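Numbered by the numbering used here, the letters in the sequence shown go through residues 1350 to 1691 in order.
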Amino acid sequence: METILIHFGAQQAFHIGDPSEIFAARRAATYLAKSLDFNDLRRAQLELVITEAGTNIIKHAQRGELLLRALTHEDNFGIEIIAIDNGPGISNINFQMEDGNSTTGTYGGGLGAMSRLSQEFDIYSNGQNGAALIMVIWADTIPAPDEQWKIGAVCLPMEGEEVCGDAWTVEVCDNSLTLLVADGLGHGPEAARASQAAVTAIATNPGKSPAALMDCAHKALYGTRGAAVAISKINEARSELKFAGVGNIAVSVFISAGRKHLLSHNGIVGSNLRKLQEINQAWEEDALLIAHSDGLGTRWDLDQYPGLAQAHPGLIAAILYRDFSRGRDDVTVIVVRDITEF
Ligand SMILES: [Mn+2]
């Protein structure tokens, strides 16, 4: 039984409103690439993608954000770049993707170049209300790994905080997937200590059910200020999801029968936790799970974004963050899609 931790590391956000801010994002990307042993070519490609994405934001939308995140898959490392803006959007993406085609002299050559330089690329725009792009560049020359799951993530500290009081982890073990999202009470280093303890508790107890994992997390969080924690586990046959939640993490599952909210218990993991009852929820091919901390408002509706539910989960997380972040707390949005096997 091998457990693979798919994703790790904190995400960095860069406001993009003038060229010096693109430079700052690129410098951080360079630093990250060096720490992940990117060769010179891959690092140069990464820098080019950051420059193009940042330049597009400024020209097309005046301002936006770039998010950087390290990825790991077996021995391979990658860097994910998300670009979001609230500009006029892109009305004809296929047309704009062809080099040289651009209605504003902005998104033309840039999109084609960014997609060629990335091993993974997706874009969402409904022709108004801005755009979101996701690009992944891997350190190794092998193509993007063939995954059974696609994970989208935004996890950022509130403005002014160095560390994020939210934490999350995904573990894949024998075809089952376990997702934990934790929100340490308040924010700052003490909140981070609590939520990280929950992540560690999951990592050191593979194979357990969500309710049993919640007990482990509860014990691990004694002495911390406590956290809200939600644990979802999709079974090996991928037909069912088990869920245990305590506190204010919102979790929804989207299956062919519609959207299902998974209810959490009241309490605080680490200090105040009653016996938990697991929830069983049907799961199926192409199902989507969205879990988020209370740094994101709850009044979002994917139906207001035609086609977004089919986009890369990273774009779903990015758009929800862009449009529903409360802005006065750490914020985490995790989106999991089960990729159909053929
Ligand atoms: Mn919070």
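Glycine is no exception: its CB is placed at the ideal position from the N, C-alpha and C atoms. Predicted model only: the values in this text are computed from it and were never measured.
Which listed residue (Cys1565, Ile1406, Leu1385, Ile1665) has its alpha carbon closest to that of Leu1529
Nearest C-alpha to Leu1529: Cys1565.
Is it true that the region 1677-1690 meets the region 1635-1642, where meeting means three or more beta-carbon pairs spaced less than 8 Å apart?
yes
So is the beta-carbon of Ser1642 under 7 Å away from any non-hydrogen atom of ligand 1?
yes
With 16 other Cβ atoms within 10 Å as the buried cut-off, status of Ser1342
With the chain running from 1350 to 1691 in the structure shown, residue 1342 is simply not present.
For Leu1397, collect the residues of the same chain with a Cβ closer than 8 Å to its Cβ; drop the 5 residues on either side in sequence, then sort them by chain order.
Ala1462, Leu1466
For the structure I just gave you, are there three or more beta carbon pairs, one from the region 1572-1579 and one from the region 1530-1546, closer than 8 Å?
yes
If you run the structure through DSSP and keep just helix, strand and coil, what is Ala1577?
Assigned with DSSP and collapsed to three states, Ala1577 falls in strand.
My understanding is that Cys1504 touches Gln1626, with C-beta atoms under 8 Å, so please give their C-beta distance in whole angstroms.
About 28 Å; that fails the 8 Å criterion.
With a CB to CB cut of under 7 Å and the five nearest residues on each side skipped, what residues in its chain are close to Asn1629?
Glu1589, Lys1591
Buried or exposed by the 16-neighbour rule on C-beta atoms within 10 Å, applied to Ser1369
exposed
Which residue from Ile1500, Ala1541, Ala1373, Trp1498 puts its Cα closest to that of Met1507?
Ala1541
Could you say which of Ala1577, Ala1586, His1567, Arg1677 lies nearest to Ala1631 if we only look at CA atoms?
Ala1586
Meets three-Cβ-pair contact criterion under 8 Å: the region 1424-1436 and the region 1466-1483
yes
Where does Asn1388 land, buried or exposed, given buried means 16+ other C-beta within 10 angstroms?
exposed
Can you confirm whether the region 1361-1381 touches the region 1402-1412 when touching is taken to mean that 3 or more C-beta pairs between the two stretches lie within less than 8 Å?
yes
With burial defined as no fewer than 16 other Cβ atoms inside 10 Å of the residue's Cβ, what is the status of Ser1544: buried or exposed?
buried
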